[in-house]
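Report on the following structure.
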Amino acid sequence: MGEGEGRTGKPGTVYLVGAGPGDPGLITVKGMECLKKADAVVYDRLASPRLLRCLRPGAERIYVGKAEGRHTLTQDEIQELLVRLAQDGKTVVRLKGGDPFVFGRGGEEAEFLVEHGIPFEVVPGVTSAVAVPAYAGIPVTHRDHTPSFAVVTGHEDPEKETSWIDWDRLSTGVGTLIFLMGVGRLAGIVEQLTAHGRPGTTPVALIRWGTRMEQETVTGTLDTIVDEVRRRNFGSPAVIVVGEVVGLRKRLNWFERKPLFGKRILVTRAREQASALSAQIEDLGGEAVEFPAIRIEPPASWADLDEALTRSDLKWIVLTSRHAVESVWSRMRALELDVRRLSGVRMAAVGPATAGALRERGVIPEFTASDYRGQALAETLVPHIASGDVILLPRSNLASRDVPEVLSAAGAAVVEAEAYRTEPGYEGAEEVRGLLREGRIHAVTFTSSSTVRFFLQGIGEEARPWLEHVPAFCIGPVTAATARELGLKVAGVAEQATVDSLVDLLAREMEAGAIRNGG
Numbered sequence: 000m001g002e003g004e005g006r007t008g009k010p011g012t013v014y015l016v017g018a019g020p021g022d023p024g025l026i027t028v029k030g031m032e033c034l035k036k037a038d039a040v041v042y043d044r045l046a047s048p049r050l051l052r053c054l055r056p057g058a059e060r061i062y063v064g065k066a067e068g069r070h071t072l073t074q075d076e077i078q079e080l081l082v083r084l085a086q087d088g089k090t091v092v093r094l095k096g097g098d099p100f101v102f103g104r105g106g107e108e109a110e111f112l113v114e115h116g117i118p119f120e121v122v123p124g125v126t127s128a129v130a131v132p133a134y135a136g137i138p139v140t141h142r143d144h145t146p147s148f149a150v151v152t153g154h155e156d157p158e159k160e161t162s163w164i165d166w167d168r169l170s171t172g173v174g175t176l177i178f179l180m181g182v183g184r185l186a187g188i189v190e191q192l193t194a195h196g197r198p199g200t201t202p203v204a205l206i207r208w209g210t211r212m213e214q215e216t217v218t219g220t221l222d223t224i225v226d227e228v229r230r231r232n233f234g235s236p237a238v239i240v241v242g243e244v245v246g247l248r249k250r251l252n253w254f255e256r257k258p259l260f261g262k263r264i265l266v267t268r269a270r271e272q273a274s275a276l277s278a279q280i281e282d283l284g285g286e287a288v289e290f291p292a293i294r295i296e297p298p299a300s301w302a303d304l305d306e307a308l309t310r311s312d313l314k315w316i317v318l319t320s321r322h323a324v325e326s327v328w329s330r331m332r333a334l335e336l337d338v339r340r341l342s343g344v345r346m347a348a349v350g351p352a353t354a355g356a357l358r359e360r361g362v363i364p365e366f367t368a369s370d371y372r373g374q375a376l377a378e379t380l381v382p383h384i385a386s387g388d389v390i391l392l393p394r395s396n397l398a399s400r401d402v403p404e405v406l407s408a409a410g411a412a413v414v415e416a417e418a419y420r421t422e423p424g425y426e427g428a429e430e431v432r433g434l435l436r437e438g439r440i441h442a443v444t445f446t447s448s449s450t451v452r453f454f455l456q457g458i459g460e461e462a463r464p465w466l467e468h469v470p471a472f473c474i475g476p477v478t479a480a481t482a483r484e485l486g487l488k489v490a491g492v493a494e495q496a497t498v499d500s501l502v503d504l505l506a507r508e509m510e511a512g513a514i515r516n517g518g
């Protein structure tokens with residue numbers, strides 16, 4: 000077997016992918032496509048770990064992050080790892096923060112792959128040199144201030160005799176200067192710039208963890224910035240921006256002014272439901288940590304629901320969740336039942352999300368509960384049902400008895416059918432415990448009583464003390480009552496049982512100071 004050939008006889012391809020500066024939404028479309036097909040991902044400290052959620056099951060994850068003075072693997076070991084994985088016939092993604100060819104050592108890795116006969120592709124990324132200042136409200140060029148910018152490594156010691164940086168030309172020949180990886184050498188950078196003609200009054204900004212929820216910005220001038228950084232104990236990773244454009248931050252600072260900026264919100268919905276809530280939180284500047292405390296699974300048997308759907312005497316179908324709607328339509332397709340057989344069946348929905356799921360399928364419910372509770376829906380229906388009406392109630396294995404009891408008491412013949420099962424889902428529990436222990440969760444959201452119970456089971460009793468100062472925000476009074484009963488601090492209940500209403504509540508409470516600041 001020749002060099003570069005794996006067990007398959009042909010080496011896999013290595014993709015050198017730029018992950019962007021931190022915000023996972025800044026990865027390119029092609030970069031995301033590479034991640035989804037990868038057999039192995041070798042990733043850096045500055046690449047958002049949230050990008051790893053899109054990997055296919057079984058894909059290997061290998062962390063090779065570097066911090067100053069602490070390297071998981073040396074650069075040589077990383078390069079050898081890439082070759083070894085490719086020689087095994089694997090499709091490999093080397094996921095690097097920013098752009099792989101902008102101080103990312105991607106060029107060295109590409110050369111090493113060529114030397115070993117490994118095919119590779121480069122997928123450029125959004126460089127932190129431009130994106131991080133942008134998220135701090137600093138354009139690197141501006142028609143009224145400067146037509147030029149330069150990106151410089153801050154990792155080279157500016158005082159060493161063999162410096163490749165031409166400080167004499169750089170200091171005054173370029174409008175905006177951007178230094179990457181230079182926080183530890185800030186004093187030397189400032190000294191070189193001022194010694195070579197840059198005025199001490201030149202504005203300077205340092206942006207730490209740019210584009211992320213933790214983003215922090217400190218500003219000053221060349222004369223003051225070193226003392227300011229020391230006073231703030233401002234550490235890496237940070238981008239340094241030198242130039243008049245820094246003054247535009249006061250007007251253009253958009254990201255740090257978002258309602259949920261700096262807040263990490265725990266989302267406990269089922270995995271397939273979490274994305275809508277997470278997306279809205281992140282649109283408002285927060286970070287959503289998904290801990291799917293529940294899993295939605297099929298019932299042990301579809302027999303009861305299938306039998307109910309084939310009945311000819313159905314008068315009503317009462318739907319108390321979006322999952323119930325999805326199960327009913329799924330089984331109708333499986334049984335090849337024409338939807339027109341439901342033309343004479345009246346529909347009722349528990350709330351706008353459930354009603355919306357019906358409308359997506361061309362059905363407008365006749366009744367929707369005014370306060371989005373199953374019991375309220377049942378009570379609304381009572382005046383409209385006749386004794387003996389057959390009512391199908393597709394439901395979860397954990398559903399309460401309120402709805403069938405109210406309907407049965409009114410004389411209806413209630414047919415209950417398990418349409419789905421709500422099971423505990425503890426994926427990511429260790430990560431969540433760690434964030435709670437470190438005080439890095441600022442609020443938690445609950446969308447049902449089962450999410451409350453399974454969340455507490457999932458994190459364990461040892462985590463209870465860490466929740467004392469974490470406010471809970473709930474959809475609906477029943478969920479809130481469960482949270483209070485189980486000892487959680489309920490800070491607010493959404494006015495409507497919708498994701499939009501819950502996010503509005505979070506934003507209002509943030510403005511009012513109910514969600515604390517934290518790391």
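Counting with numbering that gives the first Met the number 0, you get residues 0 to 518 for the letters of the sequence shown. A virtual CB, placed ideally from N, CA and C, is assigned to each residue, including glycine. Note that this is a predicted model, so its numbers are computed, not measured.
- Isoleucine 77: member of the alpha helix (DSSP H) spanning 74–86, first to last residue.
- In this structure, the beta-carbon distance from isoleucine 206 to alanine 130 does not fall below 7 Å.
- DSSP places tryptophan 328 in the helix class (H, G or I) of the three-state scheme.
- Taking leucine 45 as reference, the option from Val63, Pro56, Ala416 with the minimal CA-CA separation is Val63.
- The C-alpha of glutamate 281 lies about 26 Å from the C-alpha of threonine 218.
- If you draw a straight line from the Cα of threonine 152 to the Cα of arginine 184, it comes to about 11 Å.
- CA-to-CA, the gap between alanine 490 and serine 47 works out to about 30 Å.
- Distance between valine 405 and glutamate 286, taken at the CA atoms: about 41 Å.
- In the structure shown, the three-state DSSP call for tryptophan 465 is helix.
- A Cβ-Cβ distance of about 7 Å is found for the pair valine 244 and valine 139, placing them in contact under the 8 Å criterion.
- Cβ neighbours of proline 132 within its own chain (closer than 6 Å, five residues either side excluded): Val139, Val240.
- From the listed residues Ala493, Leu265, Leu308, the smallest Cα separation to isoleucine 440 is found for Leu265.
- The C-beta distance from alanine 418 to proline 393 rounds to 4 Å, short enough to meet the 8 Å contact threshold.
- Taking 7 Å as the cut-off, the beta carbon of leucine 176 is found no closer than this to the beta carbon of threonine 201.
- Under DSSP, tyrosine 14 forms a beta bridge with Val92, Glu120.
- Spanning the alpha carbons of serine 449 and leucine 313 requires a straight line of approximately 30 Å.
- With a 10 Å radius around the Cβ and a threshold of 16 neighbouring Cβ atoms, leucine 501 comes out buried.
- A check of alpha carbon separations from threonine 171 across Gly196, Leu179, Gly181, Phe178 identifies Gly196 as the nearest.
- Separation of threonine 210 and threonine 267 (C-alpha to C-alpha, rounded to the nearest whole angstrom) is 24 Å.
- With fewer than 16 other beta carbons inside 10 angstroms of its own, isoleucine 363 counts as exposed.
- For secondary structure counted as the beta strand (DSSP E) over 3 or more consecutive residues, the region 152–213 holds these complete runs in sequence order: 175–179, 202–207.
- When secondary structure is reduced to three states using DSSP, histidine 141 falls in the strand class.
- Distance from the CA atom of arginine 250 to the CA atom of glutamine 214, rounded to whole angstroms, is 18 Å.
- Look at arginine 55 here: in three-state DSSP terms it is coil, with no helix or strand label.
- In the DSSP assignment, threonine 353 falls within the alpha helix (DSSP H) that extends over 351–358.
- Membership of valine 389 in the beta strand (DSSP E) is indicated by the continuous run 389–395.
- In the three-state reduction of the DSSP assignment, arginine 60 falls in the strand class.
- In summary, histidine 468 is exposed, with fewer than 16 beta-carbon neighbours lying within 10 Å of its beta-carbon over all protein chains present.
- Contact annotation: phenylalanine 445 and threonine 421 have beta-carbon atoms that are not nearer than 7 Å.
- With distances taken between CA atoms, proline 470 lies nearest to Gly438 out of Gly174, Gly438, Asp38.
- Taking a C-beta distance under 7 Å as the contact criterion, leucine 259 and methionine 509 qualify as a contact pair.
- Around the beta-carbon of alanine 356, 16 or more other beta-carbon atoms lie within 10 Å, marking it buried.
- CA-CA distance, valine 288 to serine 277, rounds to 8 Å.
- DSSP, read as helix, strand or coil, puts lysine 249 in helix.
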